[in-house]
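Residue numbers (this note's numbering): 661 to 1059.
Even for Gly, the Cβ is constructed at its ideal location relative to N, Cα and C.
Keep in mind that this is a model prediction, so the values were computed, not measured.
Given below as structure tokens:
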């Protein structure tokens, strides 16, 4: 059976159309990928520009903050000694526990200052639980500190899971690598770490879902108070522990990447709806209204529902510092610190966006390279086939 010139011509035309369509499709794909690369590059340029702007703003605010601090350095007789001494006393007690992770972190910050915020294993740390909140009087401090216990009061608070993982590394056999993380830093300040230590990860907490009390500068949680049948509060009820913690302005919001503060994350998970009563008798009388435990200023303690803690009180030296009735820091300083905290939070968010865009850009570039190589191979193969194929007329004559 012979092949006619007409059928050969038809087949060649069909192959040519298929090739033409294939080449056009590859060109369209290449153009689309090139546009995607440009899109991600433009996004990166925009994000990095914003990071630079925020960095300059932070630098400017830090200059203003330094001037504000300089203007109040000499003002020591303004009735704020109680607050300053209380906070210093808490940190001193922590540092005296020289073989604990909390003591080492406080010592590192004391000796190295701002450098601690750049070290891989400490830059993600928000602080130690005992140093992150303040209360109005010694009895409340003693009560809440005893309820949490020493291990929790000394617990480290990190923003992210990566920050937790940076604190400690392990060998292949599961043993601790004592040359890295906090174990590696401890010898640089003449310390060694022993025993276990607790670390809270704010990113892993399920934050409080609800409203804040309106017009409350401390952003207290809008929890439903226990009520007697007559609508009144139980006798001796002082409030919820989570709302009796006073926070610095920089910890009220934007502590996590999602914009949550310490009250609705850390302290809500520590205390939940723990109720505080004036006396043990008041607490026991209010049992029907207690759901998540209660404490009293004279030592009474109910954990959860039905677990009563009896016996002598535990004396815990590491307690929450006291907040003075008068503002210890000028309002202007607090506002600048809050602005810096907010800027740093925005910078962290943008940095996360930059990492994501860089990852997407690298993926698209790899795909573009693969498509480009495939397109060049397609063209080269076609040119090679054309060079090997005889003219149409010669082929038909041979047949």
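Three-state secondary structure (DSSP) of residue i
i: residue 897; result: strand
i: residue 902; result: helix
i: residue 1024; result: helix
i: residue 783; result: coil
i: residue 1096; result: Summary: the structure shown does not reach residue 1096, with the chain confined to residues 661 through 1059, and so no result is reported for it.
i: residue 982; result: strand
i: residue 993; result: helix
i: residue 794; result: strand
i: residue 1001; result: helix
i: residue 987; result: Confidence in residue 987 is poor, its pLDDT being 48 and thus under 50, which makes the residue's placement unreliable; the coordinate value appears in the next sentence. Residue 987: coil per DSSP, three-state reduction.
i: residue 1050; result: Low local confidence applies: a pLDDT of 45 at residue 1050 is under 50, so the model's placement there is unreliable, and no value is given.
i: residue 891; result: coil
i: residue 738; result: Residue placement at residue 738 is poorly supported in this model, since its pLDDT is 43, which falls under 50; the coordinates are not used for a value here.
i: residue 882; result: coil
i: residue 974; result: coil
i: residue 811; result: helix
i: residue 1010; result: helix
i: residue 1055; result: The predicted position of residue 1055 is uncertain, since its pLDDT is 40 and thus under 50; a value taken from the coordinates is nonetheless stated next. Three-state DSSP puts residue 1055 in a helix.
i: residue 717; result: helix
Residue range of the unbroken alpha helix (DSSP H) whose run includes residue i
i: residue 765; result: 761-772
i: residue 754; result: 741-756
i: residue 777; result: Here residue 777 belongs to no alpha helix (DSSP H), and DSSP marks it neither H nor E.
i: residue 803; result: 798-808
i: residue 930; result: 928-931
Start-to-end residues for the beta strand (DSSP E) that takes in residue i
i: residue 816; result: 816-818
Residue i, buried or exposed, once every other Cβ within 10 Å from all chains shown has been counted against 16
i: residue 830; result: exposed
i: residue 923; result: buried
i: residue 951; result: exposed
i: residue 753; result: buried
i: residue 987; result: Any reading at residue 987 needs caution, since the residue's pLDDT is 48, under 50, leaving its predicted position unreliable; the model's value is listed next. Result: exposed.
i: residue 853; result: buried
i: residue 981; result: buried
i: residue 766; result: buried
i: residue 884; result: exposed
i: residue 748; result: exposed
i: residue 824; result: buried
i: residue 1039; result: exposed
i: residue 1030; result: exposed
i: residue 889; result: exposed
i: residue 821; result: exposed
i: residue 960; result: buried
i: residue 861; result: buried
i: residue 759; result: exposed
i: residue 1037; result: exposed
i: residue 935; result: buried
i: residue 806; result: buried
i: residue 836; result: exposed
i: residue 802; result: buried
Rounded distance between the beta-carbons of residue j and residue i, thought under 8 Å
i: residue 886; j: residue 949; result: 4 Å
i: residue 896; j: residue 958; result: At roughly 10 Å, the Cβ-Cβ gap does not stay under 8 Å, so residue 896 and residue 958 are not in contact.
i: residue 762; j: residue 814; result: 4 Å
i: residue 867; j: residue 946; result: Not confirmed; about 27 Å, so no contact.
i: residue 927; j: residue 905; result: 5 Å
i: residue 795; j: residue 804; result: 7 Å
i: residue 1008; j: residue 917; result: 6 Å
Distance cut-off 7 Å: residue i Cβ against heavy atoms of the ligand ADP
i: residue 778; result: Absence of the ligand ADP from the depicted structure is noted, as is the absence of any ligand whatsoever, leaving it without description.
- Identify every run of the alpha helix (DSSP H) within the region 935-972, keeping only runs that are complete inside it and at least 4 residues long; order them along the chain. 940-945
- Please list the segments of the beta strand (DSSP E) lying wholly inside the region 821-880, counting only runs of 3 or more residues, in order along the chain. As far as the region 821-880 is concerned, its whole beta strand (DSSP E) runs of at least 3 residues are 859-861.
- For the region 686-710, list the beta strand (DSSP E) runs that are entirely contained and at least 3 residues long, ordered along the chain. none
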